[in-house]
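First up is the structure itself, then whatever we jot down about it.
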Amino acid sequence: MKGLKNQIMKKTSLFICTLLFISSIVFYPETTFAYPFWAQQNYESPREATGKIVCANCHLAQMPTLAEVPQSVGADSVFKAVVKIPYKKDLKEIGADGSEVPLQVGAVVMLPDGFKLAPQERWTEEIKEETEGVYFTNYSEEKDNIIIVGPLPGDTNKEIVFPVLSPDPSTNKEYHYGKYSLHIGGNRGRGQVYPTGDKSNNVVFTSSTSGTINSIETIEDGSYKINIENENGQIITEEVPVGPQLIVKAQDKINAGEPLTNDPNVGGFGQLDAEVVLQSPYRVIGLIAFFIGVGLTQILLVLKKKQVEKVQAAEGI
1 MKGLKNQIMK KTSLFICTLL FISSIVFYPE TTFAYPFWAQ QNYESPREAT GKIVCANCHL
61 AQMPTLAEVP QSVGADSVFK AVVKIPYKKD LKEIGADGSE VPLQVGAVVM LPDGFKLAPQ
121 ERWTEEIKEE TEGVYFTNYS EEKDNIIIVG PLPGDTNKEI VFPVLSPDPS TNKEYHYGKY
181 SLHIGGNRGR GQVYPTGDKS NNVVFTSSTS GTINSIETIE DGSYKINIEN ENGQIITEEV
241 PVGPQLIVKA QDKINAGEPL TNDPNVGGFG QLDAEVVLQS PYRVIGLIAF FIGVGLTQIL
301 LVLKKKQVEK VQAAEGI
């Protein structure tokens with residue numbers, strides 16, 4: 001009987017722990033679930049027909065993203081695509097709870113068809129060292145040429161190295177030698193809009209009406225309710241979450257669209273395109289042979305000219 005009670009208690013404890021874990025994910029999601037999970041679930045491709053990468057739908061602020069890609073690569077070779085996400089060191093941003101937190105970064109690299117993340121057994125020691133602590137994920141099972149990374153601590157990952165394996169046209173006739181385009185995006189910090197369309201607390205809050213600020217209420221969690229009396233005497237309440245700092249006070253007159261808070265955002269998203277040439281070794285050999293031929297021709301022409309000059313000098317011409 002005692003053993004049965006212990007078994008029931010264990011199962012009950014396990015059920016409660018599981019329920020609490022699921023509830024914590026649903027009701028208190030961590031920031032790591034914010035991106036790029038939503039984009040993966042809602043977009044077949046992270047790049048729209050206009051060329052815009054969908055990360056920009058939530059990360060409205062713009063900041064530069066840089067990339068280093070080799071000009072040309074050989075078939076079936078591993079090369080590095082380096083994404084640089086610059087920002088000031090030790091920069092802090094407003095977290096979802098209103099506290100200051102370090103910036104996190106993420107990146108997406110859209111490779112041409114046939115290119116993909118290199119298998120780890122083909123990584124060099126240098127690549128292994130440069131990618132330590134970085135976890136790569138394919139955008140989907142069908143698109144192994146789209147690689148995403150993040151979120152990662154920004155201060156230690158301002159440069160993210162992507163080990164890429166090029167295709168081999170000699171074994172797969174679907175691919176050809178020539179020039180290919182890469183589409184690259186890099187982000188630092190939280191977004192200004194949630195996937196639902198609601199503003200996050202990492203954005204400027206503005207007034208939806210013109211009038212006079214009647215009162216400002218401070219809520220227990222640190223958020224605010226700003227009561228604005230419009231020209232018709234109606235009270236319009238603007239809610240400001242915890243995080244942004246108010247730049248208005250009671251009795252201030254304000255117009256529709258004017259800011260109520262500062263802009264707490266210090267991050268941003270940027271994208272760019274790059275090109276890489278899948279080079280055939282036979283073309284390289286042919287080019288070298290052409291250069292050697294041109295060089296030999298020039299040398300022979302010079303020697304022939306000197307020979308003619310000697311003959312002319314001997315004949316007294």
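Take the sequence shown: its position 188, counting from 1, is numbered 188 in UniProt numbering, and each next residue is one higher. Cβ coordinates follow ideal geometry from the N, Cα and C atoms, glycine included.
Which class does K179 belong to by DSSP, given the choice of helix, strand or coil? strand
Please go through the region 280-317 and give each complete alpha helix (DSSP H) segment of 4 or more residues, from N-terminal end onward. 281-314
Neighbour-count burial assignment, V164, 16 or more Cβ in a 10 Å radius: buried
CA-to-CA distance, N214 to G98, given in whole angstroms: 25 Å
Bridge partners for F205 per DSSP, in chain order? For F205, which the question treats as bridged, DSSP gives no partner whatsoever.
Using CA atoms only, rank isn't needed, just tell me which of E130, L152, S280 is closest to S77. S280
Who are F136's beta bridge partners in DSSP? V149
Quick check on N227: does DSSP put it in helix, strand or coil? strand
Measuring alpha carbon to alpha carbon, tell me which of D90, P112, A96 ends up nearest L103. D90
Three-way DSSP call (helix, strand, coil) for G233 in this model: coil
Cut-off 8 Å between Cβ atoms - residues of its own chain near N230, not counting five sequence neighbours on either side: T209, S210, G211, I236
Kindly list the residues whose CB is nearer than 6 Å to the CB of T31, restricted to its own chain and excluding five residues on each side of it in sequence; keep chain order. Confidence at T31 is low in this model, with a pLDDT of 38, below 50, so the placement of that residue is unreliable and no value is reported for it.
So C58 packs on Q192, CB below 8 Å; how close in whole Å? 7 Å
Inter-residue spacing [alpha-carbon to alpha-carbon] between residue 380 and Y194: The requested residue 380 does not occur in the structure, where the chain is confined to residues 1 to 317.
Please determine, among V108, V203, K173, the residue with the shortest C-alpha to C-alpha distance to P264. V203
Please list the terminal residues of the continuous alpha helix (DSSP H) segment that includes I127. 125-130
Assigned exposure category for V308 - 16 Cβ within 10 Å defines buried: exposed
Rounded separation between F269 and I292 - CA only: 48 Å
Using CA atoms only, rank isn't needed, just tell me which of A256, A96, V276 is closest to D221. A96
Take the Cβ of E121 as the centre, count every other Cβ of all protein chains shown within 10 Å, and call the residue buried at 16 or more, exposed below. exposed
Note the first and the last residue of the continuous beta strand (DSSP E) segment covering V164. 159-165
Span of the beta strand (DSSP E) around F79: 78-84
In DSSP terms, what L272 is bridged to: I184
Pick helix, strand or coil for T156, following the three-state DSSP scheme. helix
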